[in-house]
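Numbering of the sequence shown is given in numbering that gives the first Met the number 0, commencing with residue 0 and proceeding in unit increments. Every residue, glycine too, gets a C-beta built ideally from N, C-alpha and C. Have a look at the structure below, then the notes.
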Amino acid sequence: MTIWCVVISVFFVFVPLTARAETIYLEDGEEYVYDVSKVDVDPSQFTDISEGKVKLIITLMEVTGTRQSMQTNMEHIIAQAPEEKRPELEKLFDINDIIGQLVPIYDRHYTENELKEIIGFYRTPAGKKMIEAIPEIMKEAMKTSVEYLQQKSNQ
Numbered sequence: 000m001t002i003w004c005v006v007i008s009v010f011f012v013f014v015p016l017t018a019r020a021e022t023i024y025l026e027d028g029e030e031y032v033y034d035v036s037k038v039d040v041d042p043s044q045f046t047d048i049s050e051g052k053v054k055l056i057i058t059l060m061e062v063t064g065t066r067q068s069m070q071t072n073m074e075h076i077i078a079q080a081p082e083e084k085r086p087e088l089e090k091l092f093d094i095n096d097i098i099g100q101l102v103p104i105y106d107r108h109y110t111e112n113e114l115k116e117i118i119g120f121y122r123t124p125a126g127k128k129m130i131e132a133i134p135e136i137m138k139e140a141m142k143t144s145v146e147y148l149q150q151k152s153n154q
């Protein structure tokens with residue numbers, strides 16, 4: 000059980016196919032067309048979340064690179080696993096199932112208008128820069144934290 004907790008923790012810390020487009024309208028009324036072919040999550044499975052909001056949540060995950068990051072991390076974990084464990088891990092790490100589990104979490108924390116504003120921000124130069132910089136910032140912060148903790152433990 001502990002190994003799975005570690006795997007899942009690492010998976011979430013390290014934060015294209017046939018095109019199928021959807022259009023959403025951002026807070027300022029601007030149309031935003033996005034590719035939903037990478038995600039196969041049926042919005043109707045969420046009886047208490049509107050289809051539009053589910054699409055916005057999935058769009059946010061796409062715009063921020065969350066889905067791609069999770070997919071890359073899953074593939075890395077599976078590739079590092081012993082050969083005999085890989086089929087089990089491939090079944091366990093179904094990106095669409097995981098996204099389906101995350102949709103209600105996003106729903107609890109953001110309104111539709113907030114999602115539209117956030118997506119709009121991530122489409123700006125500053126938002127794109129943030130998406131590019133965050134992984135490096137997190138890597139540097141993790142390294143600095145580990146070094147700090149090592150220094151403190153040696154005192």
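Pairwise C-alpha distance: residue j and residue i
i: Lys128; j: Glu135; result: 11 Å
i: Phe45; j: Gln149; result: 45 Å
i: Phe92; j: Ala78; result: 12 Å
i: Asn72; j: Ile94; result: 11 Å
i: Glu139; j: Ile130; result: 15 Å
i: Glu146; j: Ser152; result: 10 Å
i: Ala112; j: Ile97; result: Per the sequence shown, the amino acid found at residue 112 is Asn instead of Ala. Those two C-alpha atoms are separated by around 24 Å.
i: Glu155; j: Lys142; result: The requested residue 155 is not part of the displayed model; the chain covers only 0 to 154.
i: Glu75; j: Lys52; result: As written in the sequence, residue 75 is His, which differs from the Glu given in the question. If I take the Cα positions, the gap works out to 31 Å.
i: Arg122; j: Ile133; result: 15 Å
i: Lys84; j: Pro124; result: 42 Å
i: Gln67; j: Ala80; result: 20 Å
i: Pro86; j: Ser144; result: 35 Å
i: Phe13; j: Asp47; result: Residue placement at Phe13 is poorly supported in this model, since its pLDDT is 40, which falls under 50; the coordinates still yield a value, given next. So the two alpha carbons sit approximately 30 Å from each other.
i: Ile56; j: Leu114; result: 7 Å
i: Glu82; j: His108; result: 39 Å
i: Ala20; j: Lys90; result: Bear in mind that a pLDDT of 49 at Ala20, under 50, signals an unreliable position, so the number given afterwards is only what the model happens to contain. C-alpha separation (whole angstroms): 27 Å.
Environment of residue i [buried if 16+ CB atoms lie within 10 Å]
i: Thr58; result: buried
i: Met137; result: exposed
i: Lys54; result: buried
i: Asp106; result: buried
i: Gln154; result: exposed
Any chain C beta carbon closer than 7 Å to residue i
i: Tyr105; result: Annotation note: the requested chain C is absent from the structure, which comprises a single protein chain.
Assess contact between the region 51-65 and the region 115-126, defined as three or more Cβ pairs (one per stretch) separated by less than 8 Å. Is contact present? yes
Using 8 Å as the Cβ pair cut-off and three pairs as the minimum, do the region 39-47 and the region 94-105 touch? yes
In chain order, each beta strand (DSSP E) run of at least 3 residues that lies wholly inside the region 102-146: As for any beta strand (DSSP E) of minimum length 3 sitting wholly inside the region 102-146, there is none.
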